[in-house]
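Trainee:
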Amino acid sequence: MTSTTVPATARASLSALPLRCRNCGAERAAGPVSICEHCLGPLEPVYEPGRPLPDRRTIAARAPSLWRYQEWLPFDGEPVLSLDSGFTPLVEAPALARRFGVARAWVKNDTVCHPSLSFKDRVVAAAINAAAAFGLDTIGCASTGNLANAVAAHAARAGLKAWIFVPETLEAPKLIGTGIYGPRLVRVRGTYDDVNRLCAQVADRFGWGMVNVNLRCYYGEGSKTLAYEIAEQLGWRLPTAVVAPMAGGSLVTKLRKGFEEFLAAGLVRGAAPRLYGAQAEGCAPIVRLVERGGTQLEPQVPDTICRSLAIGNPADGVFAARALRESGGWAAAVSDAELVQGIRFLAQDTGVFAETAGGVTAAAALALARAGRLRPDDEVVLCVTGHGLKTVEAVSGALPETPLIAPRLKEVAVLVEEEGSAA
Amino acid sequence: MAITLNLPSVLAAHAGGVRTLHASGRTLGEAVADVAARFPNLGPRLRDQDGNPYPFVVFYVNDEDVRFRGGFAAPVQDGDEVTVIPAIAGG
Chain A
1 MTSTTVPATA
11 RASLSALPLR
21 CRNCGAERAA
31 GPVSICEHCL
41 GPLEPVYEPG
51 RPLPDRRTIA
61 ARAPSLWRYQ
71 EWLPFDGEPV
81 LSLDSGFTPL
91 VEAPALARRF
101 GVARAWVKND
111 TVCHPSLSFK
121 DRVVAAAINA
131 AAAFGLDTIG
141 CASTGNLANA
151 VAAHAARAGL
161 KAWIFVPETL
171 EAPKLIGTGI
181 YGPRLVRVRG
191 TYDDVNRLCA
201 QVADRFGWGM
211 VNVNLRCYYG
221 EGSKTLAYEI
231 AEQLGWRLPT
241 AVVAPMAGGS
251 LVTKLRKGFE
261 EFLAAGLVRG
271 AAPRLYGAQA
281 EGCAPIVRLV
291 ERGGTQLEPQ
301 VPDTICRSLA
311 IGNPADGVFA
321 ARALRESGGW
331 AAAVSDAELV
341 QGIRFLAQDT
351 GVFAETAGGV
361 TAAAALALAR
371 AGRLRPDDEV
381 VLCVTGHGLK
391 TVEAVSGALP
401 ETPLIAPRLK
411 EVAVLVEEEG
421 SAA
Chain B
1 MAITLNLPSV
11 LAAHAGGVRT
21 LHASGRTLGE
31 AVADVAARFP
41 NLGPRLRDQD
51 GNPYPFVVFY
61 VNDEDVRFRG
71 GFAAPVQDGD
81 EVTVIPAIAG
91 G
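One line per chain: the protein sequences are A and B, in this order. Residues 1 to 423 (this note's numbering) make up the first sequence, in order. Residues 1 to 91 (this note's numbering) make up the second sequence, in order.
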């Protein structure tokens with residue numbers, strides 16, 4: 001038995017919140033369903049407005065995990081699984097601030113999120129508790145990689161079965177980092193959008209808890225904890241700008257919701273940060289919608305090495321574009337070459353090694369700074385959402401050759417001399 | 001042979017519990033209109049008052065997103081398989 005497995009009697013005390021359609025407002029009981037039966041719009045959990053909320057001191061005294069904000073997560077009662085995800089470091093990055101020409105910069109470092117080294121541990125921590133509340137014994141997902149890692153890891157620990165579907169082109173480290181936990185891992189011919197369409201049908205047919213399909217209303221709320229942690233770790237205040245990657249588009253909408261909830265609760269004061277979204281040029285349907293305006297998202301067939309953001313038909317794209325614009329922010333797309341440079345300068349400026357999505361975020365922040373959208377008085381947080389060891393092949397060819405020497409001091413001396421003459 | 005229309009369970013409830021329907025038409029829009037005429041409760045859930053698809057509902061013809069093929073104007077023919085999927089999340 002693992003430390004997060006609890007007796008059935010304790011699970012009975014956990015319940016998921018009821019749901020409301022974001023499109024037509026229709027309400028329904030809690031359940032493993034994410035689609036409104038009236039208009040097919042997306043459902044979201046309904047929080048009791050008058051519920052007691054903790055103050056700063058109460059939160060600060062709680063265990064360092066995302067559950068320290070449990071009043072803003074979609075459950076009644078105590079969580080029973082994945083109790084130790086979240087509360088990752090907020091790393092101040094003066095070299096990055098100088099590169100961007102802003103007052104201060106930080107990296108919200110979800111490359112070390114527990115247990116699977118990406119921010120998907122946050123959303124899966126929420127989803128797996130929903131699965132527990134609904135008594136589901138099998139969870140699953142469609143994934144571009146990070147979610148596969150997270151679902152497999154969390155399911156293994158909880159003793160749940162997992163079915164995980166990924167595009168056939170997924171990077172080897174992400175396949176290995178999933179298969180090691182022992183799920184049913186299935187590669188599907190086609191893009192992520194093909195996989196996700198299949199998983200919508202799988203959830204419908206088999207009744208499993210597909211975390212980003214029929215558990216999506218609960219799953220997505222886990223992303224808000226990034227915003228809460230940023231606010232608390234800055235000393236209960238807000239940055240002026242946040243840059244985050246966009247795939248399905250949910251993260252930026254949840255960041256906005258999280259910051260606004262903390263403002264409404266009186267835990268922080270001032271203005272909510274301007275939100276900036278980052279995508280790769282080879283798959284930038286949300287960036288294009290922000291630039292174009294309007295509400296009609298045009299899907300795109302992805303063509304980028306940044307597979308974790310390669311969603312050409314983003315479900316939350318319209319909401320994401322609206323959140324960025326309404327916050328006073330914007331969006332930027334970067335080339336594959338720029339994202340590789342982004343991974344490198346992020347690592348060399350901050351000591352944080354990010355996967356391709358982190359490179360997109362860093363390079364997009366630089367582009368936004370050069371375009372004058374990030375300003376000299378800005379305090380900027382970059383959400384870096386996955387570890388670089390998951391996508392090493394993206395940067396392996398970009399690094400200088402490693403010299404091979406005999407174990408002799410004079411050979412080191414030659415290298416030191418070369419280094420000196422190069423400087 | 002007709003066009004086959006596959007429904008998610010949330011929509012099948014409005015078609016007498018049937019997940020697979022048959023339809024006829026020269027375009028996807030005509031096929032949807034054909035089904036809508038036969039299942040009045042289903043029709044408004046497949047298209048809006050102006051006859052256009054909702055932003056949250058994606059139609060696939062033989063596994064291809066019809067937004068790449070002209071939306072409801074996409075041509076269809078007997079033997080085609082149309083699948084209706086609510087919009088989907090990230091991963």
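Note that CB positions come from ideal geometry on N, CA and C, so glycine has one too. Quick caveat, the model's predicted, so the values are computed rather than measured.
For A:T169 and A:N196, I'd like the C-alpha separation in whole angstroms.
Mentor: As a position in the first sequence, residue 169 of chain A is number 169, starting the count at 1. As a position in the first sequence, residue 196 of chain A is number 196, starting the count at 1. About 15 Å.
Trainee: Just mark A:T5 as buried or exposed, buried being the case when its beta carbon has 16 or more other beta carbons within 10 Å.
Mentor: By 1-based counting over the first sequence, the position of residue 5 of chain A is 5. For A:T5, the predicted model reports a pLDDT of 45, less than 50, meaning its position is unreliable and no value from the coordinates is stated.
Trainee: Going by the DSSP bridge assignment, what does A:D76 pair with across the sheet?
Mentor: Looking up residue 76 of chain A in the first sequence gives position 76. Its beta-bridge partners are A:S15.
Trainee: Closest to A:K120 by CA distance: which of A:I35, A:V102, A:T144 is it?
Mentor: For the purposes of this step, residue 120 of chain A is taken as residue 120 along the first sequence, with counting starting at 1. Considering only alpha carbons, the answer is A:T144.
Trainee: With DSSP collapsed to three states, give me the class of A:D377.
Mentor: Indexing the first sequence from 1 puts residue 377 of chain A at position 377. Of the three classes helix, strand and coil, the one that applies to A:D377 here is coil, per DSSP.
Trainee: Determine the contact status of A:V188 and A:C383, defining contact as a CB-CB distance below 8 Å.
Mentor: Counting from one through the first sequence, the residue named residue 188 of chain A turns up at place 188. Counting from one through the first sequence, the residue named residue 383 of chain A turns up at place 383. No. Outside cutoff.
Trainee: By the three-class DSSP mapping on this structure, what secondary structure does A:D194 have?
Mentor: Position 194 of the first sequence, counting from 1, holds the residue named residue 194 of chain A. Reduced to three states, the DSSP call for A:D194 is helix.
Trainee: From the DSSP output, read off the bridge partner residues of B:F59.
Mentor: Counting from 1 along the second sequence, the entry for residue 59 of chain B is found at position 59. B:V84.
Trainee: Is A:A413 helix, strand or coil when you go by DSSP?
Mentor: Taking the first sequence and counting its residues from 1, one reaches residue 413 of chain A at position 413. Residue state for A:A413 is assigned as helix, using DSSP reduced to three classes.
Trainee: Between which residues of its own chain and A:A131 is the CB-CB distance below 6 Å, once the five residues before and five after are set aside?
Mentor: As a first step, residue 131 of chain A is located in the first sequence; it is residue number 131 there, counting from the start. Within the same chain, A:A131 has close Cβ partners I139, G209.
Trainee: Give me the Cβ distance between B:P86 and B:F59, rounded to the nearest whole Å; I'm assuming they're in contact under 8 Å.
Mentor: As a position in the second sequence, residue 86 of chain B is number 86, starting the count at 1. As a position in the second sequence, residue 59 of chain B is number 59, starting the count at 1. Going by Cβ atoms, the distance from B:P86 to B:F59 rounds to 11 Å, so no, they are not a contact pair.
Trainee: Can you name the residues of chain A whose CB is closer than 8 Å to the CB of B:V58?
Mentor: As a position in the second sequence, residue 58 of chain B is number 58, starting the count at 1. Residues of chain A passing the Cβ test: R197, N313.
Trainee: At least one CB of chain B closer than 8 Å to the CB of A:G303: is that the case?
Mentor: On the first sequence, position 303 is the one that residue 303 of chain A refers to. Here residue 303 of chain A turns out to be Asp, not Gly, going by the sequence shown. So no, A:D303 is outside the interface.
Trainee: When the cut-off is 8 Å and only beta carbons count, does B:R38 lie next to chain A?
Mentor: Reading the second sequence from its first residue, position 38 is the one you call residue 38 of chain B. It does not: the Cβ of B:R38 has no partner Cβ on chain A nearer than 8 Å.
Trainee: What three-state label does DSSP hand B:T27 in the structure shown?
Mentor: Here residue 27 of chain B refers to the residue found at position 27 when the second sequence is read from its first residue. Strand, per DSSP.
Trainee: I need the straight-line Cα distance from A:Y69 to A:E355, nearest angstrom please.
Mentor: Residue numbering aside, residue 69 of chain A sits at position 69 when the first sequence is read from its first letter. Residue numbering aside, residue 355 of chain A sits at position 355 when the first sequence is read from its first letter. Approximately 27 Å, taken between the alpha carbons.
Trainee: Determine the DSSP secondary structure at A:W67, reduced to helix, strand or coil.
Mentor: Position 67 of the first sequence, counted from the start, is the residue given in the question as residue 67 of chain A. If DSSP states are grouped into helix, strand and coil, A:W67 belongs with the helices.
Trainee: Spatial neighbours of A:H38 within its chain, please: C-beta separation below 6 Å, excluding the five flanking residues on both sides.
Mentor: In the first sequence, residue 38 of chain A corresponds to position 38, counting from 1. If we look at A:H38 and ignore the five residues flanking it on each side, its Cβ neighbours are C24, A26.
Trainee: Distance cutoff 8 Å, beta carbons only. Does B:R69 sit that close to anything in chain A?
Mentor: One-based indexing of the second sequence puts residue 69 of chain B at position 69. No, because no Cβ of chain A sits closer than 8 Å to the Cβ of B:R69.
Trainee: Flag A:C113 as yes if its beta-carbon sits less than 8 Å from any beta-carbon of chain B, otherwise no.
Mentor: Counting from one through the first sequence, the residue named residue 113 of chain A turns up at place 113. No, its Cβ sits nowhere closer than 8 Å to a Cβ of chain B.
Trainee: Hey, how far is the Cα of B:S9 from the Cα of B:G17?
Mentor: Residue 9 of chain B sits at position 9 when you count from the first residue of the second sequence. Residue 17 of chain B sits at position 17 when you count from the first residue of the second sequence. Distance from the CA of B:S9 to the CA of B:G17, rounded to the nearest whole angstrom, comes to 8 Å.
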